[in-house]
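For the sequence shown, our numbering assigns the number 109 to the initial residue and increments by one for each residue that follows. Cβ coordinates follow ideal geometry from the N, Cα and C atoms, glycine included. All values derive from a computational prediction rather than experimental measurement. Each remark here refers to the structure printed beneath this line.
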Amino acid sequence: MSELQKRIIVGIIGIPIALTIVYLGGILFGLALSLVSSLALWEFYKLSEKKFVKPNYLLGLMATVIMNIFPSIYIQKGLSSIVPFLFISFIGIISFVIIVVGIEVFRKRDNAIFNISVTFSGVLYIPMMLSFFIGIRELHLLLPQSSSFFDANPILRKITDNWCGIFSILMLISVWITDTAAYFVGKKYGKHKIYPSVSKHKSWEGGIAGFLAGFFAFIILSQIFLDSISLFHSINIGIIIGAIGQIGDFAESKLKRDAAVKDSSTILPGHGGFLDRFDSILFIVPIIFVYLILWLYPEFFRYVINF
109 MSELQKRIIV
119 GIIGIPIALT
129 IVYLGGILFG
139 LALSLVSSLA
149 LWEFYKLSEK
159 KFVKPNYLLG
169 LMATVIMNIF
179 PSIYIQKGLS
189 SIVPFLFISF
199 IGIISFVIIV
209 VGIEVFRKRD
219 NAIFNISVTF
229 SGVLYIPMML
239 SFFIGIRELH
249 LLLPQSSSFF
259 DANPILRKIT
269 DNWCGIFSIL
279 MLISVWITDT
289 AAYFVGKKYG
299 KHKIYPSVSK
309 HKSWEGGIAG
319 FLAGFFAFII
329 LSQIFLDSIS
339 LFHSINIGII
349 IGAIGQIGDF
359 AESKLKRDAA
369 VKDSSTILPG
379 HGGFLDRFDS
389 ILFIVPIIFV
399 YLILWLYPEF
409 FRYVINF
């Protein structure tokens, strides 16, 4: 069986499952995101071992589970939970730093500086970035539920659990369309390499095709399936998906080039590993979350500061 056939089979099986979980949201989504984050972090740590680094797998994976499940549970309490959540998160971060550094003192390993740094950076790069996906999927819970708020912003009455589920699905589909278009166009027509020292296969032809495909895919899909999203916002989000996602892809390519491997792992036949599959999402979801907040509820940050 060719790699392309494996890629198609995994996609046929995995995509419907992933989209269903995203649409359902809630704790199930948090658990699934925790699993994806844990596997991607494990792959990241395995890459670092190629450079003779020994990250703390146990602490990193424990932090990953907490960073994805805890928000998915706590966010169900709504907007009033945000400030307590941020305070608890702050305490958690301090505790994590102390524990990782403290345990490294007693680990009989060389390269302590690199071990600590990679343990931290892996958690920041993968589970922390992916946790913003929870904010996107459960965005309706972060909006004030008072009638006066909705009267002043009638468009927000349409930002429901269903709307957030559909938005998240369309975002994922557009990201995957970006990756797919860049892969196939680059493979067939790619002649002008973007950055050969990082990725010898990525070309300008593939990159432009990926950008245009993801850009127009989100615009078309969002205008058809989402109420209350104007063409202006569809265009802006389409640009984020088409451009930023490919930067995330390049970032992971740099890691793999440094580790001298083709894929982060072989867990997903035809696709490589979970880090290969979700590298674009890592950079996209934090930016889109902030964009949605600034668009739908710009007072959010003032609310947090003045709480």
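{"query": "Tell me, please, which residues DSSP counts as bridged to GLY133.", "result": "DSSP, once it has assigned bridges, lists no residue as partnering GLY133."}
{"query": "Taking PHE204 as the reference, which of VAL213, GLY133, MET170 and ALA220 has the closest Cα?", "result": "MET170"}
{"query": "What residues in its chain sit with their C-beta under 8 Å from that of ILE277, if we drop five residues either side in the sequence?", "result": "LEU127, VAL130 and TYR131"}
{"query": "Quick one, are the C-beta atoms of ILE345 and ILE396 less than 8 Å apart?", "result": "yes"}
{"query": "If I follow the unbroken alpha helix (DSSP H) through VAL208, where does it start and stop?", "result": "190-214"}
{"query": "Going along the chain, which unbroken runs of the alpha helix (DSSP H) with 4 or more residues stay wholly within the stretch 223-290?", "result": "237-245 and 255-260"}
{"query": "Does the distance from the C-beta atom of GLU246 to that of CYS272 stay below 8 Å?", "result": "yes"}
{"query": "So ALA321 and ILE281 are supposed to be a Cβ contact under 8 Å. How far apart are they, rounded?", "result": "11 Å between Cβ atoms; not a contact."}
{"query": "To the nearest angstrom, report how far apart ILE190 and LEU112 are at their CA atoms.", "result": "44 Å"}
{"query": "Between which two residues does the alpha helix (DSSP H) holding ASN176 run?", "result": "165-182"}
{"query": "Compute the beta-carbon to beta-carbon distance between SER361 and LYS310, rounded to the nearest angstrom, for a pair I have assumed lies under 8 Å.", "result": "7 Å"}
{"query": "Are the beta-carbon atoms of PHE391 and ILE355 separated by less than 8 Å?", "result": "yes"}
{"query": "Flag this pair as yes or no: are the beta carbons of ASN223 and LYS162 separated by less than 8 Å?", "result": "yes"}
{"query": "Report buried or exposed for GLY348, applying the criterion of at least 16 other Cβ atoms within 10 angstroms of its Cβ.", "result": "Here residue 348 is Ile; the residue named in the question, Gly, does not match the sequence. Its Cβ being crowded by 16 or more others within 10 Å, ILE348 is buried."}
{"query": "Specify, as a first and last residue, the run of the alpha helix (DSSP H) that ARG365 falls within.", "result": "353-367"}
{"query": "Taking the alpha helix (DSSP H) that GLU407 belongs to, which residues open and close that run?", "result": "Premise fails: GLU407 is in no alpha helix (DSSP H) and is neither H nor E."}
{"query": "Measure the C-alpha to C-alpha separation of THR374 and PHE193 and round it to an integer number of angstroms.", "result": "36 Å"}
{"query": "Short check: CB of ARG365 to CB of LEU376, under 8 Å?", "result": "no"}
{"query": "Quick check on LEU232: buried or exposed, where buried means 16 or more other Cβ atoms within 10 Å of its Cβ?", "result": "exposed"}
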